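For the working numbering, count along the sequence shown from 1 and bump the result up by 31. We put the CB at the ideal spot given by N, CA and C, even for glycine. Since the model is a prediction, treat every value here as computed from it, not as a measurement.
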Amino acid sequence: AAAPRDLLLLPSRRVFDLAAGEADLALRMRAPPAGAALLTRRLGVFVFAVYGHRRHAGAPMLTPPDLGPGSRQFALARRVLADRPSGPEIDEIHLRIQAVKSGVGVGSLPCFVGDADPDLVRLYHGPDHEVRDDLFLVRAAATRGEPAIESLARALAQLFRRHRAAIAGEGGGPRPSAA
32 AAAPRDLLLL PSRRVFDLAA GEADLALRMR APPAGAALLT RRLGVFVFAV
82 YGHRRHAGAP MLTPPDLGPG SRQFALARRV LADRPSGPEI DEIHLRIQAV
132 KSGVGVGSLP CFVGDADPDL VRLYHGPDHE VRDDLFLVRA AATRGEPAIE
182 SLARALAQLF RRHRAAIAGE GGGPRPSAA
């Protein structure tokens, strides 16, 4: 039997070098470049939309950082800023979730988080007010056949398949926004 392995989950914007062994698995919003020594599996579509607390739906927009022309989260925030004032810049998603839940502002959240929380409402609807990204499970080709990594990869794929609708923003469905 294979020796047990420790599992460390590290939420980070940093792109780890999987081929160099910096991590065994990664969830990425974009496919890695072709030709890399990586195994890639598309898990589905991951959707963000703008949510606010029911009692603070008129709050300012919490903005993510401007990461350049390809930053779809920032582009969404700019569209929303046409309707409301700008709030603090919050990059880390766990901090943005807490800020929206506490009424500090409205912000772009994963739909499976916003739709599942009865205190939050989706404030804008339609494709112009969503960020849709393909989500990929990526790992180093060298991990093929490692029982612990294979098992974790299968479990993650099953988890995302089971919750595909919620992750794609279809789980809770749009709820009327609080005025």
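If I measure Cβ to Cβ from Leu166 and keep anything under 8 angstroms in the same chain, skipping five residues before and after, which residues do I get? Sequence index remark: in the sequence shown, residue 166 carries index 135 (1-based). Result list for Leu166: Leu58, Arg59, Met60, Arg73, Leu74, Gly75, Val76, Phe77, Phe191 and Ile198, in chain order.
Pick out whichever of Pro141, Gly83, His160 and Glu181 has its Cα sitting closest to the Cα of Ala279. Residue 279 falls outside the range modelled here, since the chain spans only 32 to 210, and no answer is possible.
Report all residues from its chain with a CB closer than 7 angstroms to the CB of Glu134; omit the five preceding and five following residues, and keep chain order. What you label residue 134 is simply residue 103 of the sequence shown in a count that begins at 1. Per the sequence presented here, residue 134 reads as Gly, with Glu not at that position. Excluding positions up to five away in sequence, the list reads His84, Arg86, His87 and Ala90.
What does the alpha-carbon distance come out to for the pair Gly176 and Gln189? Here residue 176 corresponds to residue number 145 of the sequence shown, with the count starting at 1. Here residue 189 corresponds to residue number 158 of the sequence shown, with the count starting at 1. Using only the alpha carbons, I get a separation of about 18 angstroms.
Report the option in Asp55, Val144, Tyr155 and Ser117 whose CA atom is closest to the CA atom of Thr71. Sequence index remark: in the sequence shown, residue 71 carries index 40 (1-based). If we check each option's Cα against that of Thr71, Asp55 comes out closest.
Tyr82 vs Leu140 beta-carbon contact at 7 angstroms: On the sequence shown, position 51 is the one that residue 82 refers to. On the sequence shown, position 109 is the one that residue 140 refers to. Yes, the Cβ-Cβ distance between Tyr82 and Leu140 is below 7 angstroms.
Simplified DSSP state of Ala90, which is helix, strand or coil: For this step, residue 90 is matched to residue 59 along the sequence shown. If DSSP states are grouped into helix, strand and coil, Ala90 belongs with coil.
Coarse secondary structure for Ser117, derived from DSSP in three states: Residue 117 sits at position 86 when you count from the first residue of the sequence shown. Ser117 falls in the strand class under three-state DSSP.
For Phe47, I'd like the list of residues in its chain whose CB is within less than 7 angstroms of its CB, leaving aside the five on either flank, ordered along the chain. Walking along the sequence shown from the start, residue 47 turns up at place 16. Excluding positions up to five away in sequence, the list reads Glu53, Ala54 and Ala57.
Among residues of its own chain, excluding the 5 on either side of Ala113, which ones have a beta-carbon nearer than 8 angstroms to its beta-carbon? As a working note, residue 113 is residue 82 in the sequence shown. Excluding positions up to five away in sequence, the list is empty.
Test item: CB-CB of Ala147 and Leu49 under 7 angstroms: Within the sequence shown, the letter at position 116 stands for residue 147. Within the sequence shown, the letter at position 18 stands for residue 49. No, the pair does not count as a contact, with Cβ atoms beyond the cut-off.
Indicate, with yes or no, if the ligand MN has a heavy atom lying under 6 angstroms from the CB of Asp55. Questions concerning the ligand MN fall outside what the structure shown contains, since it holds no ligand whatsoever.
Contact check, Gly145 vs Leu151, beta carbons under 7 angstroms: On the sequence shown, position 114 is the one that residue 145 refers to. On the sequence shown, position 120 is the one that residue 151 refers to. Yes; because the gap between Cβ atoms is below 7 angstroms, this pair is in contact.
Simplified DSSP state of Val46, which is helix, strand or coil: Residue 46 sits at position 15 when you count from the first residue of the sequence shown. In the structure shown, Val46 sits in coil (DSSP, three-state: anything other than H, G, I, E or B).
Are Val137 and Leu154 close, meaning C-beta to C-beta below 7 angstroms? Within the sequence shown, residue 137 is the residue found at index 106, counting from 1. Within the sequence shown, residue 154 is the residue found at index 123, counting from 1. Yes, they are a contact pair.
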